[in-house]
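J.:
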Ligand SMILES: [Zn+2]
Ligand SMILES: [Zn+2]
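Residue numbers (our numbering): 15 to 284.
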């Protein structure tokens, strides 16, 4: 072939062949490894995207913690933490349980800035926000920030990757500089419940509320584990003068006794 490789790439026929090849020899799904059946900008197959189990009633009306549907029709009621007034946010909701599929989807986003996948997750969070009118009725969308060191290492904040398209969908401004994280999470894989609360206490700092009209905030994060991070963000925003603090997360970790959490597998174990 006497044409240069560059000219070859610019050739429309060659581009059509590339496009066809991507359909005939698709990349594997980044969650389960099965070949992707359709050409998609999201590197996750339909089965894996449909996998995470959505959180529905019965749940705690404040923090959104689901209750196991133990026959006999359990209704919405405050969970123990909310009955004790543990959280400083007004309302929190999550899209799905943190199960094996959800874990892999979020890990993918944590280690690679896969924007089409973040856009897909934002569409799920828009559904969650629309189902709970207060969540969409805010003045700005605030991703839970990383501290500067962690942000430098990773190059992006996965919560912001999700918050940006969510803000667009809800037609609200994204306010990334509003909340700052002063300390990072210790580099330990598993933290005890006590450690989770201790390490985030006072770890966030918020700009004074005057910069945003009426000061109602929707916090966005990938996972709600103990609620300690969202609580620490809410405390900082509250003391800076914000009046209503809501939160949405993609996933929610549930305690071991709940059936969905019992089947939680380690990444890579199938
Ligand atoms: Zn898959
Ligand atoms: Zn609750």
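A virtual CB, placed ideally from N, CA and C, is assigned to each residue, including glycine. It should be emphasised that the depicted structure is a prediction, and the values quoted were computed from it without experimental measurement.
Rounded to whole angstroms, how far is the Cβ of residue 213 from the Cβ of residue 194, which I believe are closer than 8 Å?
T.: Not a contact, Cβ separation roughly 16 Å.
J.: When DSSP labels each residue in this structure, what does residue 13 get in the three-state scheme?
T.: In the structure as shown, the chain begins at 15 and stops at 284. Residue 13 is therefore absent and cannot be evaluated.
J.: If you measure from the CB of residue 93, is any heavy atom of ligand 1 nearer than 6 Å?
T.: no
J.: Let me make sure I understand the geometry here. Which of 230, 108, 125 has the alpha-carbon closest to that of residue 240?
T.: 108
J.: From 141, 117, 76, 91, pick the residue whose C-alpha is nearest to that of residue 45; which is it?
T.: 117
J.: Please report the straight-line C-alpha distance between residue 110 and residue 154, rounded to a whole angstrom.
T.: 23 Å
J.: At which residues does the beta strand (DSSP E) containing residue 187 begin and terminate?
T.: Segment: none, residue 187 is in no beta strand (DSSP E) and carries neither H nor E.
J.: Could you spell out the range, first to last residue, of the beta strand (DSSP E) harbouring residue 155?
T.: First-last of the beta strand (DSSP E) with residue 155: 154-157.
J.: So what does residue 73 bridge to, in DSSP terms?
T.: 80
J.: Got a sec, what are the start and stop residues for the alpha helix (DSSP H) residue 219 sits in?
T.: First-last for residue 219: 218-220, but that is the beta strand (DSSP E), not the alpha helix (DSSP H).
J.: In chain order, what residues of the same chain lie with their CB nearer than 8 Å to the CB of residue 143, ignoring the 5 residues before and after it?
T.: 107, 149, 150, 180, 184, 232, 262
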